[in-house]
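Trainee: First to last, the protein sequences are chains A and B.
Per my numbering: the first sequence = residues 103 to 212.
Per my numbering: the second sequence = residues 341 to 452.
Backbone N, C-alpha and C fix where the C-beta goes; we use that ideal spot for every residue, glycine too.
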Amino acid sequence: AQRVTQPEKLLSVFKGAPVELKCNYSYSGSPELFWYVQYSRQRLQLLLRHISRESIKGFTADLNKGETSFHLKKPFAQEEDSAMYYCALSGRAGANNLFFGTGTRLTVIP
Amino acid sequence: KAGVTQTPRYLIKTRGQQVTLSCSPISGHRSVSWYQQTPGQGLQFLFEYFSETQRNKGNFPGRFSGRQFSNSRSEMNVSTLELGDSALYLCASSLGAQETQYFGPGTRLLVL
Chain A
103 AQRVTQPEKL LSVFKGAPVE LKCNYSYSGS PELFWYVQYS RQRLQLLLRH
153 ISRESIKGFT ADLNKGETSF HLKKPFAQEE DSAMYYCALS GRAGANNLFF
203 GTGTRLTVIP
Chain B
341 KAGVTQTPRY LIKTRGQQVT LSCSPISGHR SVSWYQQTPG QGLQFLFEYF
391 SETQRNKGNF PGRFSGRQFS NSRSEMNVST LELGDSALYL CASSLGAQET
441 QYFGPGTRLL VL
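1. What residues in the region 342-365 of chain B bring their beta carbon closer than 7 Å to a beta carbon of chain A?
2. Verify whether the separation of the beta carbon atoms of B/Leu450 and B/Tyr429 is less than 8 Å.
3. Flag A/Arg155 as yes if its beta-carbon sits less than 8 Å from any beta-carbon of chain B, otherwise no.
4. Name the chain A residues whose beta carbon is nearer than 8 Å to that of B/Gly444?
5. Any Cβ of chain B within less than 8 Å of the Cβ of A/Glu182?
6. Does any CB atom of chain B fall closer than 8 Å to the CB of A/Glu134?
7. Give the DSSP-derived three-state secondary structure of B/Gly424 in the structure shown.
8. Does any residue of chain B bring its CB to less than 8 Å from the CB of A/Leu150?
9. Considering only residues of the same chain and omitting the five flanking positions on each side of A/Pro212, which have a CB-CB separation below 7 Å?
10. If distances are taken between C-alpha atoms only, which option among B/Asn396, B/Phe400, B/Leu361, B/Ser373 comes closest to B/Ser434?
11. Would you please verify whether the beta carbon of B/Leu423 is less than 8 Å from any beta carbon of chain A?
12. Relative to the C-alpha of B/Arg349, which residue among B/Gln441, B/Ala427, B/Gln438 is closest?
13. Does the count of Cβ pairs from the region 354-374 of chain B and the region 411-424 of chain B closer than 8 Å reach three?
14. Determine the contact status of B/Phe390 and B/Gly406, defining contact as a CB-CB distance below 8 Å.
15. How many angstroms separate the CA atom of A/Gln140 from the CA atom of A/Leu148?
16. Quick check on DSSP: helix, strand or coil for A/Glu181?
17. Are the beta-carbon atoms belonging to B/Leu423 and B/Arg370 less than 8 Å from one another?
18. Would you list, in sequence order, the uninterrupted beta strand (DSSP E) runs of no fewer than 3 residues that lie entirely inside the region 396-424 of chain B?
19. Quick one: residues in its chain with C-beta nearer than 6 Å to the C-beta of B/Ser364, no 5 flanking neighbours on either side, listed in chain order?
20. Which term fits B/Ala342, buried or exposed, when burial requires 16 or more other beta carbons within 10 angstroms of its beta carbon?
21. Comparing alpha-carbon positions, which option in A/Lys111, A/Val106, A/Thr209, A/Asn198 lies nearest B/Lys397?
22. Is there at least one Cβ from chain A nearer than 8 Å to B/Glu307's Cβ?
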């Protein structure tokens, strides 16, 4: 069965400090991994997906199949990064069902 | 272009009643997925519709059902409401399988 674990419910960092939001997954096949973000009073939106290998708003995430992890990183946190972050997994090919982690609320302290 | 819209935004029902929620996808998107978000269980996948056919289903009881119309608009229905059905119901649309899903603002359902 698939599972996504985000061990930190809350994470606070100072502005300009590096930030890493952890995500571990459990899936027997080759998953597709995503990070979604929800800013205050906004809808859930895609931040990045591992197959695109893009850096969005300075965030990157590397899929580590050995450690089954997909941690989200940013070298210098900004105040506007404060939001709720969800790691998600899509398993079956051709499927559009996302399995979400419980989310990490990131607060960037000015 | 206009984003995903959901109606109504808020709803209050009592136990035993049924409810229908509506989702209008982004123009051109043929896939609509529904999710339930609660403080205890987080975001959970309900089902996905593509071209009027249910393509995937999550682990929810049969009281939860849905459908999709020829214009890709989707509705979900919950019958015999229980207190535990109180949640934020999100819908997301995408062009197709494993394409980026765009979420609506959600419908907040309160069951009393």
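Mentor: According to the data block:
1. none
2. no
3. no
4. Arg145
5. no
6. yes
7. helix
8. no
9. Lys117, Glu181
10. B/Ser373
11. no
12. B/Ala427
13. yes
14. no
15. 9 Å
16. helix
17. no
18. 404-408, 414-418
19. Thr345, Arg413
20. exposed
21. A/Asn198
22. The shown model of chain B, from 341 to 452, leaves out residue 307 of chain B, and the question about it has no answer.
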